[in-house]
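**Q**
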Amino acid sequence: MKLLPKNKLVPIISSWAQRYTVLAPSSTEQGECVFDIFKEETFTLEYRKPSLPPKSQLLPQSDVIFRVEKGTFREVLPERNVLMFGIRSCDLMGLRQSSSFMSRDTQDIYYRRRSDHCLKVVMACAGPQNETCFCTTSRSGPSATTGFDLQFYDLGDSFLVESGSTEGDELLKAGNLADVDDKDTVEQVNALRNKAVAAITEVPDVTRAMEILSSRGASEELWERFGDKCIVCGGCVYVCPTCTCFTVADFPSGPDTGERIRSWDTCLYGGFTKEASGHNPRSTQGLRLKRRHEHKLLYYNQTDVQEALCGCVGCGRCSDYCPVHIGTLEVVKAIVEEQS
Ligand code: SF4
Ligand code: SF4
Numbered sequence: 042m043k044l045l046p047k048n049k050l051v052p053i054i055s056s057w058a059q060r061y062t063v064l065a066p067s068s069t070e071q072g073e074c075v076f077d078i079f080k081e082e083t084f085t086l087e088y089r090k091p092s093l094p095p096k097s098q099l100l101p102q103s104d105v106i107f108r109v110e111k112g113t114f115r116e117v118l119p120e121r122n123v124l125m126f127g128i129r130s131c132d133l134m135g136l137r138q139s140s141s142f143m144s145r146d147t148q149d150i151y152y153r154r155r156s157d158h159c160l161k162v163v164m165a166c167a168g169p170q171n172e173t174c175f176c177t178t179s180r181s182g183p184s185a186t187t188g189f190d191l192q193f194y195d196l197g198d199s200f201l202v203e204s205g206s207t208e209g210d211e212l213l214k215a216g217n218l219a220d221v222d223d224k225d226t227v228e229q230v231n232a233l234r235n236k237a238v239a240a241i242t243e244v245p246d247v248t249r250a251m252e253i254l255s256s257r258g259a260s261e262e263l264w265e266r267f268g269d270k271c272i273v274c275g276g277c278v279y280v281c282p283t284c285t286c287f288t289v290a291d292f293p294s295g296p297d298t299g300e301r302i303r304s305w306d307t308c309l310y311g312g313f314t315k316e317a318s319g320h321n322p323r324s325t326q327g328l329r330l331k332r333r334h335e336h337k338l339l340y341y342n343q344t345d346v347q348e349a350l351c352g353c354v355g356c357g358r359c360s361d362y363c364p365v366h367i368g369t370l371e372v373v374k375a376i377v378e379e380q381s
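Note that the numbering used here has the sequence shown beginning at 42, numbered continuously upward.
Below is the structure:
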């Protein structure tokens with residue numbers, strides 16, 4: 042562990058920025074916080090979870106994967122080395138789950154080239170970011186146990202910094218920082234972790250909902266009720282750190298010139314599961330919502346889940362952003378209430 046006085050934070054990030062594209066919490070002119078390329082003028086530590094999780098850096102919303110120029114094929118492979126500063130532990134777990142999925146059976150080279158060249162610096166949460174956080178239930182936070190290069194704990198006027206990799210050790214060499222590995226420091230970190238866990242009091246009964254889904258299931262009426270409300274905007278999927286559906290389309294721009302682009306898609310769109318015959322096995326919005334939530338809570342792959350509880354990491358974004366309140370929190374609550 043190292044002790045980093047807060048007045049040394051910007052200089053150390055600036056030194057990292059000479060070797061990496063550093064993405065850090067930044068204030069916009071509208072007063073929002075987004076993860077953007079580090080600039081001293083816009084960098085901020087006053088931030089909550091941003092609307093988009095860091096998956097958007099590894100699986101961009103729209104990504105050119107190859108170009109054909111005058112009949113010549115040219116693959117477009119991402120090149121940059123990225124350092125994500127200040128991500129939250131739920132989002133780190135989201136990256137771990139997505140990375141496992143994207144390399145488990147088939148190597149997705151576009152994703153892998155980004156994730157292999159990406160360092161993750163976690164800012165441990167001191168408590169919930171807002172009322173929709175349930176990382177303690179999902180076993181993804183409020184601090185990370187593994188998978189990070191560095192993890193920061195806020196002590197007020199300084200940070201305790203924990204390294205989780207050799208790359209993390211290298212990053213810390215830039216700062217000439219004091220070692221603090223004594224018993225008091227370990228106890229201090231444990232106390233901070235425990236205090237953060239205790240501060241997350243509104244926890245949904247995800248385990249009970251998972252039990253119900255794996256035994257008798259939720260009623261079709263429940264899914265159709267949600268389906269009737271859903272306006273099919275796709276927002277819940279796009280803000281979710283563990284959703285990875287995409288589509289691929291070719292865009293010709295001339296007789297022998299064009300691009301192949303992949304972009305985000307969602308199992309909540311009617312066309313996603315429609316077969317060439319015209320048959321759609323998920324023919325109603327209720328069935329599509331059922332599929333999405335069962336994928337998170339029932340039909341996840343145990344390897345991809347890592348040490349979390351299921352395929353949902355409890356970030357709460359779907360509840361934050363769904364305009365008609367069909368987030369995982371609301372769905373879990375409805376499943377449990379229906380059976381009680
Ligand atoms: S399903 Fe909702 S709460 Fe769970 S990880 Fe996705 S956006 Fe976050
Ligand atoms: S955010 Fe809400 S309304 Fe939009 S697709 Fe998801 S469940 Fe439907």
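Beta carbons are placed, not taken as given, at the ideal position from N, Cα and C, and that holds for glycine.
1. Would you say the beta carbon of V354 is closer than 7 angstroms to some non-hydrogen atom of ligand 1?
2. Can you find the residues in the same chain that come closer than 7 angstroms, C-beta to C-beta, to D149, ignoring five residues on each side of it along the sequence?
3. Hey, could you find the ends of the alpha helix (DSSP H) M251 is sitting in?
4. By Cβ distance, which residues of its chain are closer than 7 angstroms to R323, with the 5 residues on each side in sequence left out?
5. Taking the runs of the alpha helix (DSSP H) that are 4 residues or longer, which of them lie wholly in the stretch 258 to 292?
6. In angstroms, rounded to a whole number, what distance separates the CA positions of G357 and R108?
7. State the start and end residues of the unbroken alpha helix (DSSP H) segment that holds E335.
8. Ignoring anything shorter than 3 residues, give me the beta strand (DSSP E) runs that lie fully in the stretch 97 to 173, in order along the chain.
9. Use the C-beta contact count for K43: other C-beta atoms within 10 angstroms, 16 or more gives buried, fewer gives exposed.
10. Compute the Euclidean distance between the alpha carbons of Q229 and I272, then round it to the nearest angstrom.
11. Specify, as a first and last residue, the run of the beta strand (DSSP E) that V75 falls within.
12. Quick one: is G127 buried, meaning 16 or more other Cβ sit within 10 Å of its Cβ, or exposed?
13. Excluding five sequence neighbours on each side, which residues of the same chain lie with their C-beta closer than 8 angstroms to the C-beta of F175?
14. Taking a contact to mean a Cβ-Cβ separation below 8 angstroms, would you say V280 touches Y362 in this structure?
15. Just verifying my parser: in three-state terms, what is the DSSP assignment at V51?
16. Can you tell me whether DSSP reads V244 as helix, strand or coil?
17. Could you check where the beta strand (DSSP E) with R303 kicks off and where it finishes?
18. Does the Cβ-Cβ distance between V227 and Q192 come in under 8 angstroms?
19. With contact counted as at least three CB pairs below 8 angstroms, one residue from each stretch, are the stretch 332 to 349 and the stretch 73 to 80 in contact?
20. Can you tell me which of V123, K236, S199 and A250 puts its alpha carbon nearest to the alpha carbon of L338?
21. Going by CA-CA distance only, name the one from K161, Y88 and E70 that's closest to V63.
22. In terms of alpha-carbon separation, which member of E82, S255 and S140 lies closest to L100?
23. Thinking just about the alpha-carbon of each residue, which of A167, N217, C277 and G268 is nearest to the one in K236?
24. Compare the Cα-Cα distances from E82 to each of L218, P66 and V373 and report the closest residue.
**A** On the basis of the supplied data:
1. As a working note, residue 354 is residue 313 in the sequence shown. Because some heavy atom of ligand 1 lies under 7 angstroms away, the Cβ of V354 counts as near it: yes.
2. Working through the sequence shown from its first residue, we reach residue 149 at position 108. Excluding sequence neighbours, D149 sits near M143.
3. Stepping through the sequence shown from its first residue, residue 251 is reached at position 210. First-last of the alpha helix (DSSP H) with M251: V247 to S255.
4. Within the sequence shown, residue 323 is the residue found at index 282, counting from 1. Hits under 7 angstroms: T314, R329 and R332.
5. 261 to 270 and 276 to 279
6. The residue labelled residue 357 in the question sits at position 316 within the sequence shown. The residue labelled residue 108 in the question sits at position 67 within the sequence shown. C-alpha separation (whole angstroms): 38 angstroms.
7. As a first step, residue 335 must be located in the sequence shown, where it is residue number 294. Counting along the chain, the alpha helix (DSSP H) containing E335 begins and ends at Q326 to L338.
8. 103 to 110, 113 to 116, 123 to 128 and 159 to 164
9. Your numbering for residue 43 matches position 2 in the sequence shown. Counting Cβ neighbours within 10 Å, K43 comes out buried, since at least 16 surround it.
10. Against the sequence shown, residue 229 aligns to sequence position 188. Against the sequence shown, residue 272 aligns to sequence position 231. So the alpha carbons of these two residues sit roughly 47 angstroms apart.
11. For the purposes of this step, residue 75 is taken as the residue at position 34 of the sequence shown. That run of the beta strand (DSSP E) goes C74 to I78.
12. The residue given as residue 127 occupies position 86 in the sequence shown. Counting Cβ neighbours within 10 Å, G127 comes out buried, since at least 16 surround it.
13. Along the sequence shown, one-based indexing puts residue 175 at 134. Here the set comprises I241, E243, V244, P245, V247, G355, G357 and L370.
14. Position 239 of the sequence shown, counted from the start, is the residue given in the question as residue 280. Position 321 of the sequence shown, counted from the start, is the residue given in the question as residue 362. Yes, they are a contact pair.
15. The residue given as residue 51 occupies position 10 in the sequence shown. It is helical.
16. Taking the first residue of the sequence shown as position 1, residue 244 is located at position 203. Correct three-state label for V244: coil.
17. Numbered from 1 along the sequence shown, position 262 holds the residue referred to as residue 303. Element bounds for R303: T298 to W305.
18. In the sequence shown, residue 227 corresponds to position 186, counting from 1. In the sequence shown, residue 192 corresponds to position 151, counting from 1. The answer is no: Cβ separation not under 8 angstroms.
19. Under the three-pair Cβ rule at 8 angstroms, the stretch 332 to 349 does not count as touching the stretch 73 to 80.
20. Locating residue 338 in the sequence shown gives position 297, where the first residue counts as 1. Considering only alpha carbons, the answer is A250.
21. Residue numbering aside, residue 63 sits at position 22 when the sequence shown is read from its first letter. Among K161, Y88 and E70, the Cα nearest to that of V63 belongs to K161.
22. Translated into the one-based positions of the sequence shown, residue 100 becomes position 59. Residue S140 is the option with its Cα nearest to L100.
23. Here residue 236 corresponds to residue number 195 of the sequence shown, with the count starting at 1. Checked all of A167, N217, C277 and G268; the closest Cα to K236 is A167.
24. The residue you call residue 82 lines up with position 41 of the sequence shown. The residue with the shortest Cα to Cα distance from E82 is P66.
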